[in-house]
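>
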Amino acid sequence: MFETLSDRLTSVFSGLRSKGRLSDADIDATAREIRIALLEADVALPVVRAFIARVKERARGEEVSRALNPAQQVVKIVNEELIEILGGETRRIRFAKTPPTVIMLAGLQGAGKTTLAGKLATWLVAQRNAPLLVAADLQRPNAVTQLQVLGERAGVAVFAPEPGNGVGDPVQVARDSIEHARRANHDVVIIDTAGRLGIDEEMMRQAADIRDAVRPDEILFVVDAMIGQDAVNTAQAFADGVGFDGVVLTKLDGDARGGAALSIRHITERPIMFASTGEKLDDFDVFHPDRMAGRILDMGDILTLIEQAERTFDAEDAARMAGKLASGDDFTLDDFLEQMMMVRKLGPIGNLLGMMPGMGQMRDQISNIDDKDLDRVAAIIRSMTPGERQDPKIINGSRRARIAAGSGTQIGDVSGLVTRFFEARKMMKQMSAGGGLPGMGGLPG
Ligand code: GDP
Numbered sequence: 001m002f003e004t005l006s007d008r009l010t011s012v013f014s015g016l017r018s019k020g021r022l023s024d025a026d027i028d029a030t031a032r033e034i035r036i037a038l039l040e041a042d043v044a045l046p047v048v049r050a051f052i053a054r055v056k057e058r059a060r061g062e063e064v065s066r067a068l069n070p071a072q073q074v075v076k077i078v079n080e081e082l083i084e085i086l087g088g089e090t091r092r093i094r095f096a097k098t099p100p101t102v103i104m105l106a107g108l109q110g111a112g113k114t115t116l117a118g119k120l121a122t123w124l125v126a127q128r129n130a131p132l133l134v135a136a137d138l139q140r141p142n143a144v145t146q147l148q149v150l151g152e153r154a155g156v157a158v159f160a161p162e163p164g165n166g167v168g169d170p171v172q173v174a175r176d177s178i179e180h181a182r183r184a185n186h187d188v189v190i191i192d193t194a195g196r197l198g199i200d201e202e203m204m205r206q207a208a209d210i211r212d213a214v215r216p217d218e219i220l221f222v223v224d225a226m227i228g229q230d231a232v233n234t235a236q237a238f239a240d241g242v243g244f245d246g247v248v249l250t251k252l253d254g255d256a257r258g259g260a261a262l263s264i265r266h267i268t269e270r271p272i273m274f275a276s277t278g279e280k281l282d283d284f285d286v287f288h289p290d291r292m293a294g295r296i297l298d299m300g301d302i303l304t305l306i307e308q309a310e311r312t313f314d315a316e317d318a319a320r321m322a323g324k325l326a327s328g329d330d331f332t333l334d335d336f337l338e339q340m341m342m343v344r345k346l347g348p349i350g351n352l353l354g355m356m357p358g359m360g361q362m363r364d365q366i367s368n369i370d371d372k373d374l375d376r377v378a379a380i381i382r383s384m385t386p387g388e389r390q391d392p393k394i395i396n397g398s399r400r401a402r403i404a405a406g407s408g409t410q411i412g413d414v415s416g417l418v419t420r421f422f423e424a425r426k427m428m429k430q431m432s433a434g435g436g437l438p439g440m441g442g443l444p445g
């Protein structure tokens with residue numbers, strides 16, 4: 001996601017590396033380039049204007065730290081302003097004092113509401129809640145069945161109108177579901193409502209009727225990030241027609257530009273609460289403005305990486321991995337191999353590597369890595385002696401030939417792996433030495 005913007009911003013910043021200090025003309029030129037990058041990313045014009053004004057003002061202002069070089073200063077300001085535009089603080093669900101907490105989903109047909117209902121329920125179960133899914137989308141043929149299938153996969157109960165009772169009244173279904181949740185001890189109720197292909201008065205009226213009948217604790221507006229600025233227009237229509245407390249961005253995996261994500265908070269003044277990034281039930285997470293900004297600036301997303309790792313492995317493994325990542329110093333080829341095998345368990349390799357600092361630049365190579373490459377790397381490392389794994393500097397020409405023969409690979413593969421390992425280790429050191437701005441260690445200080 002956000003590849004285009006990431007690439008543009010990275011090139012703007014690398015143009016600043018050679019500057020000793022920034023003149024007003026430099027700041028203007030940089031601001032102009034950032035403006036173009038944001039407009040190309042399909043960010044709404046008022047948002048672009050506000051953003052650029054803030055960046056310029058701060059870059060010229062006295063607050064600029066003498067400790068940072070110009071490129072670092074600009075990255076720092078842009079990073080902070082991106083976080084701001086994405087909503088600042090992470091906004092979490094507000095649970096009701098007396099359960100059940102009622103969460104209502106609203107949005108256009110195809111936005112990904114039903115899928116999201118399943119994901120949200122799965123996520124809540126992982127947080128030790130006992131959610132109930134409610135099928136109040138009685139408009140779209142199959143929506144009820146789709147939710148039932150998702151509920152089954154997620155292991156979550158679904159409340160739906162009895163089959164054979166005609167079309168049914170979604171308002172009544174929603175109302176009854178709250179009663180049912182109380183009786184069956186569900187602490188969260190997720191109500192999936194009907195969408196339409198476009199903004200439609202009847203859809204708004206129905207959503208408003210459900211809202212008035214169940215008085216939700218949170219109304220979440222679900223929107224497809226791939227529709228870009230149209231997301232902003234749709235959001236405004238929903239804000240007027242039903243009102244909502246937070247936004248869920250779906251299909252971020254397919255959103256190369258990022259216009260919706262960067263505009264919607266500023267325009268609607270409502271926080272983005274969750275992000276949905278694929279078709280699987282666990283392609284879903286709380287939206288963290290700071291981490292998203294970090295990803296846009298290609299500073300990596302170690303926090304998300306470690307959190308995902310924690311979900312997959314036990315806490316001890318994850319803590320050890322985090323420690324190694326942070327230090328870089330005593331990181332050996334054994335750790336490299338172990339980590340690679342861990343990473344492999346986490347899911348599609350490209351997704352994961354894309355979250356690591358500095359990896360954005362290597363995106364094309366990354367998308368070519370597949371499981372076979374990993375197998376080859378593992379075979380090479382396993383053909384090394386413990387001494388070689390501990391201290392790869394000793395791997396000379398004859399050792400390389402032996403390792404290649406032992407692993408059924410070419411000498412070039414062995415050399416390539418050792419080089420990559422040293423690069424990875426260097427990157428880790430830079431990250432831990434650089435403190436606040438990982439990935440920027442290569443800049444003149
Ligand atoms: P609804 O009409 O709002 O309930 O939308 P659905 O939940 O039926 O989703 C519409 C389509 O989008 C389905 O094919 C989903 O599989 C797909 N979809 C939903 N969320 C995502 C996502 O985050 N990423 C991707 N790639 N596809 C998604």
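Numbering (UniProt numbering), first residue to last: 1 to 445. Beta carbons are placed, not taken as given, at the ideal position from N, Cα and C, and that holds for glycine.
Here's the rule: buried if 16 or more other CB atoms are within 10 angstroms of the residue's CB, otherwise exposed. What is Gln-172?
Its Cβ having fewer than 16 others within 10 Å, Gln-172 is exposed.
> Rounded to the nearest angstrom, how far is the Cβ of Ala-29 from that of Val-242, given a contact under 8 Å?
Not really, about 44 Å apart at Cβ, beyond 8 Å.
> Using only the heavy atoms of ligand 1, determine whether one of them is closer than 7 Å to the beta carbon of Gln-146.
Flag set: Cβ of Gln-146 near ligand 1.
> Considering just the uninterrupted stretch of the beta strand (DSSP E) at Asp-391, what are its terminal residues?
Here Asp-391 belongs to no beta strand (DSSP E), and DSSP marks it neither H nor E.
> Take Ile-203 as the anchor and find which of Asp-240, Val-188 and Met-226 has the nearest alpha-carbon.
Reading off the sequence shown, one finds Met at residue 203, where the question assumed Ile. Nearest C-alpha to Met-203: Asp-240.
> Straight-line CA distance for Ile-366 to Asp-334?
Unreliable placement is indicated for Ile-366, whose pLDDT of 47 sits below 50; the coordinate value is still reported in the next sentence. When rounded, the distance between both Cα atoms is 22 Å.
> To the nearest angstrom, how far is it from the Cα of Ile-411 to the Cα of Phe-331?
One C-alpha to the other measures close to 23 Å.
> Where does residue 478 sit, in a helix, a strand or coil, going by DSSP?
Outside the modelled stretch of the chain, which goes from 1 to 445, sits residue 478, for which no answer is possible.
> Can you grab the Cα-Cα spacing for the pair Leu-252 / Ala-275, in whole Å?
For Leu-252 and Ala-275, the distance between alpha carbons rounds to 7 Å.
> Please report the Cβ distance between Leu-86 and Ala-117, rounded to the nearest whole angstrom; I am assuming they are in contact, meaning their Cβ atoms lie under 8 Å.
Leu-86 to Ala-117, Cβ: 24 Å. No contact.
> Quick one, are the C-beta atoms of Gly-195 and Gln-72 less than 8 Å apart?
In this structure, Gln-72 does not lie closer than 8 Å to Gly-195 by Cβ.
> If you reduce the DSSP assignment to three classes, tell me which class Asp-224 lands in.
The answer is strand: DSSP assigns Asp-224 an E or B state.
> What are the uninterrupted segments assigned as alpha helix (DSSP H) that are 4 or more residues long and contained completely in the region 113-151, given in chain order?
For the region 113-151, whole alpha helix (DSSP H) runs of length 4 or above, ordered along the chain, are 113-126.
> Report the residue from Arg-128, Pro-100, Leu-133 and Asn-129 whose alpha carbon sits nearest the alpha carbon of Thr-115.
The residue with the shortest Cα to Cα distance from Thr-115 is Leu-133.
> So, at 7 Å on beta carbons, what are the nonlocal neighbours of Val-74 in its own chain, with the 5 sequence-adjacent residues on each side left out?
The answer, listed in chain order, is Phe-13, Leu-16, Thr-30 and Ala-59.
> Measure the C-alpha to C-alpha separation of Asp-298 and Pro-141 and round it to an integer number of angstroms.
Computed Cα separation, rounded: 42 Å.
> Using 8 Å for Cβ pairs, my map puts Asp-255 next to Ala-225. What's the rounded Cβ distance?
Their Cβ separation, rounded to whole angstroms, is 4 Å, which keeps Asp-255 and Ala-225 in contact under 8 Å.
> For the alpha helix (DSSP H) containing Met-273, name the first residue and the last one.
Counting along the chain, Met-273 falls outside any alpha helix (DSSP H), though it belongs to the beta strand (DSSP E) covering 272-276.
> Taking a contact to mean a Cβ-Cβ separation below 8 Å, would you say Ala-50 touches Leu-5 in this structure?
No; because the gap between Cβ atoms is not below 8 Å, this pair is not in contact.
> Run through DSSP, which three-state label would residue 492 get?
Because residue 492 is not part of the residues shown, which for the chain are 1 to 445, the question remains open.
> Hey, out of Thr-10, Arg-32 and His-180, whose CA is closest to Ile-99's CA?
The question names Ile, but residue 99 is Pro in the sequence shown. Closest option to Pro-99, Cα to Cα, is His-180.
> Can you tell me whether Thr-277 is buried or exposed, with buried defined as 16 or more other CB within 10 angstroms of its CB?
Buried: at least 16 other Cβ atoms inside 10 Å.
> According to DSSP, is Ile-264 part of a helix, a strand, or is it coil?
Helix, per DSSP.
> Should the region 78-93 be regarded as contacting the region 201-215, the criterion being three or more beta carbon pairs within less than 8 Å?
Cβ pair count under 8 Å is below three, so no.
> I need the straight-line Cα distance from Arg-8 to Ile-296, nearest angstrom please.
Approximately 10 Å between the Cα atoms of the pair.
> Run through DSSP, which three-state label would Thr-250 get?
Here Thr-250 sits in strand by DSSP.
> Which term fits Leu-45, buried or exposed, when burial requires 16 or more other beta carbons within 10 angstroms of its beta carbon?
Result: exposed.
> Taking Arg-402 as the reference, which of Ala-213, Phe-422 and Ile-381 has the closest Cα?
Among Ala-213, Phe-422 and Ile-381, the Cα nearest to that of Arg-402 belongs to Ile-381.
> Rounded to whole angstroms, what's the CA-CA distance from Lys-372 to Asp-413? Just pull it up for me.
C-alpha separation (whole angstroms): 13 Å.
> Can you tell me which residues form a DSSP beta bridge with Glu-218?
Answer is Ile-103, bridged to Glu-218.
> Looking at the secondary structure, which residues open and close the alpha helix (DSSP H) in which Val-48 lies?
Taken as a continuous stretch (DSSP letters only), the alpha helix (DSSP H) holding Val-48 covers 45-60.
> Excluding five sequence neighbours on each side, which residues of the same chain lie with their C-beta closer than 8 Å to the C-beta of Gln-361?
Residue placement at Gln-361 cannot be trusted, given a pLDDT of 48 that sits under 50; what the coordinates show is reported in the next sentence. Only Thr-10 and Asp-298 meet the Cβ criterion.
> Could you tell me whether any non-hydrogen atom of ligand 1 is closer than 7 Å to the CB of Gly-107?
Yes, the beta carbon of Gly-107 sits closer than 7 Å to at least one heavy atom of ligand 1.
> Beta-carbon within less than 7 Å of Val-418's beta-carbon, same chain only, minus the 5 sequence neighbours each way: which residues are those?
For Val-418, where only same-chain residues beyond five positions count, the Cβ hits under 7 Å are Pro-392 and Ile-395.
> Got a sec? Which residues, its chain only, sit under 6 Å from Gln-127 by beta carbon, not counting five neighbours each side?
There are no such residues.
> Quick check on Asp-285: does DSSP put it in helix, strand or coil?
Asp-285 falls in the strand class under three-state DSSP.
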